[in-house]
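Notes follow once the structure below has been shown.
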Amino acid sequence: MVTMSASAEAKSRRERRSVVAELEGALLRDAATFPYFMLVAFEASGLPRFAALLALWPLLWALERALGRGDLALRAAAFVATAGVPRAEVEAVARAVLPKFMADDVDPAAWAAFGSCGGRRVVVTRMPRVMVERFAREHLGAHEVVGCDLEYSRLRRSTGFVRGGGGGDAERVRALFADGDRPDVGIARSESATRSFLPFCKKQLRPPFCEDDGDDVAAAGEQHKCPPFRPVIFHDGRLVCRPTPLMSLVILLWLPLGALVAFVRIAVGISVPIQIIPRIAPYFGGAVVVHGAPPPAAASGPASGVLFVCTHRTLMDPVVLATVLGRRVAAVTYSISRLSEVLSPIPTVRLTRDRGVDAAQMRAELSRGDVAVCPEGTTCREPFLLRFSALFAELSDRIVPVAMNYRVGLFHPTTARGWKAMDPIFFFMNPRPVYEVTFLNQLPAEETCAAGKSAVDVANYVQRILAAKLGFECTTFTRKDKYRVLAGNDGIVNVKPPAAADPAPWQRRLKEVLGFLLH
0 MVTMSASAEA KSRRERRSVV AELEGALLRD AATFPYFMLV AFEASGLPRF AALLALWPLL
60 WALERALGRG DLALRAAAFV ATAGVPRAEV EAVARAVLPK FMADDVDPAA WAAFGSCGGR
120 RVVVTRMPRV MVERFAREHL GAHEVVGCDL EYSRLRRSTG FVRGGGGGDA ERVRALFADG
180 DRPDVGIARS ESATRSFLPF CKKQLRPPFC EDDGDDVAAA GEQHKCPPFR PVIFHDGRLV
240 CRPTPLMSLV ILLWLPLGAL VAFVRIAVGI SVPIQIIPRI APYFGGAVVV HGAPPPAAAS
300 GPASGVLFVC THRTLMDPVV LATVLGRRVA AVTYSISRLS EVLSPIPTVR LTRDRGVDAA
360 QMRAELSRGD VAVCPEGTTC REPFLLRFSA LFAELSDRIV PVAMNYRVGL FHPTTARGWK
420 AMDPIFFFMN PRPVYEVTFL NQLPAEETCA AGKSAVDVAN YVQRILAAKL GFECTTFTRK
480 DKYRVLAGND GIVNVKPPAA ADPAPWQRRL KEVLGFLLH
């Protein structure tokens, strides 16, 4: 009885413990802030600023390492990366791009120590707070973030200057504990943090926790006392790799060649018969890996088409499926660009989000042949499957699940905030894009609506077997959830374009001249 009481008391103490942790070099393994400023420069502004910041890196390195002026190097990087950038763009990158790269760099031991404390949790960062706050609050469970702040003009654009930070962090940490109760645990690695807020903490931990730091380290090391780290499911941005100075140089040198390679690959893909693309893909640096046996083409007749239900990884899913099958497959789409429709070697069916109209369109396509549908409604980069829309289960009993996946090295071929017309171009700009297509067996009749099952049950069953095949996790997230996180909207596309305005006189004249020249 006494043992149980002591255990409960110890647990209660852990739940009340407060913690202050340094982000760079402690919670994150890498102490460098340069890659995060490179991400802001590339995603919020573009290639010229990305190149300019990379050109400045030797000077930043000299300021930090040779002269010991890390604060000045950080302010210079912040200025080059953000000066003149709209505030909304900086916040969008911090919300949609940076958390993924930070999550990949989290030190598990540091997170165990930080996450085991159930009281007030404070993260101290050298970067501007706007770049860190989303990740710290949503994924680390921090209550407060201490760091410098970007300054903005009256036009809501970043001036590039920062205020606060540096030696003022200790005072801000003390202000958060103004009631006289010092933080129970402090986690830091850098000398500046050790001199600033760490002496203020009752217990001081320094990664990698290899020294005997008492009961706090032992408790932090017990995984069941630490809540699981919340993974990043949705993220945006084009860069796959962390843009270290070396990787950034590789990206810059590859871009011109990658654009040429993408042009050649797309031109060849449009001009040759679709059946031979998998055979010639290795000669152009790509690969299509097929598992399972695709179903044969059905005989002509009413409702003779096969409904292929695919996981949605990129815009290329239906195109790759058609190349593997070697026959016509209509792709059901929602928000692809007009350019992608023009470049597509297969027919596309644009949905309207009107259930009755969409069902009629898909039934008409099934009567003409095979149809590929991605019931998630949007792509997901991580090993998770979004909730499946149940509409497909009502349309056909000839359902073949197809597990699609891909591997790229430099550029993501999907975006929520960017220009979707560039998706296929970025896919083909990768040095070696690889697609994996796995055909599962056609659903047995007892697992379809023909056996009396509801469309929702059929959709959930297909989601489960596809997730099991890929080793993914099923979720109940939807397209709306993704776009709220990444773009701040519901992801709804206006399917009824506004009426065209009357052309200007010069437009009418240009049309007349072009008509005369062409005829």
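When you line the sequence shown up against numbering that gives the first Met the number 0, it's residues 0 to 518, in that order. Positions of the beta carbon are idealized from the N, C-alpha and C atoms, including for glycine.
- Its Cα nearest to that of Arg28, the residue Phe100 stands out among Gly376, Met37, Phe100.
- Ile186 is positioned such that its CB atom lies no closer than 7 angstroms to that of Ala87.
- Leu97 has its alpha-carbon roughly 8 angstroms from the corresponding atom of Phe134.
- Here Arg264 has Phe283, Phe427 as same chain residues with Cβ atoms under 6 angstroms from its own Cβ, once five neighbours each way along the sequence are excluded.
- Taking one beta carbon from each stretch, the segment 147–162 and the segment 50–67 have fewer than 3 pairs nearer than 8 angstroms; the two do not touch.
- The three-state reading of DSSP puts Asn488 in coil, since its state is none of H, G, I, E or B.
- Per DSSP, Arg162 is one residue of the beta strand (DSSP E) stretching across 157–162.
- Distances from the alpha-carbon of Val161 to those of Glu42, Leu53, Cys147, Val331 put Cys147 closest.
- Going by C-alpha positions, Gly417 is about 41 angstroms away from Pro443.
- For Lys201, there is no enclosing beta strand (DSSP E), as DSSP gives it neither H nor E.
- Fully contained in the segment 245–308 are the following alpha helix (DSSP H) runs of length 4 or more, in chain order: 276–279.
- The C-beta of His311 has 16 or more other C-beta atoms within 10 Å across all chains shown, which makes the residue buried.
- Met361 and Pro432 have their C-alpha atoms roughly 30 angstroms apart.
- Taking all protein chains in view, the Cβ of Trp60 is surrounded by fewer than 16 other Cβ atoms within 10 Å, so the residue is classified as exposed.
- Here the segment 280–295 makes contact with the segment 311–326; the two share three or more CB pairs at distances below 8 angstroms.
- Between the segment 252–263 and the segment 435–454 there are fewer than three C-beta pairs closer than 8 angstroms, too few to call the two in contact.
- Per DSSP, Ala392 has no beta bridge partner at all.
- Residue burial is scored here from C-beta neighbours: Ala95 has at least 16 other C-beta atoms within 10 angstroms and is therefore classed as buried.
- The closest CA to that of Ala108, considering only Ala91, Ala51, Pro85, Phe228, is found on Phe228.
- Distance check between Ala20 and each of Thr414, Leu139, Phe425 places Leu139 closest, using alpha-carbon atoms only.
- Partner residues in the beta bridge of Cys473, as assigned by DSSP, are Leu384.
- If you look at Gly185, you'll find it in the beta strand (DSSP E) that goes 184–186.
- DSSP places Pro226 in the coil class of the three-state scheme, outside both helix and strand.
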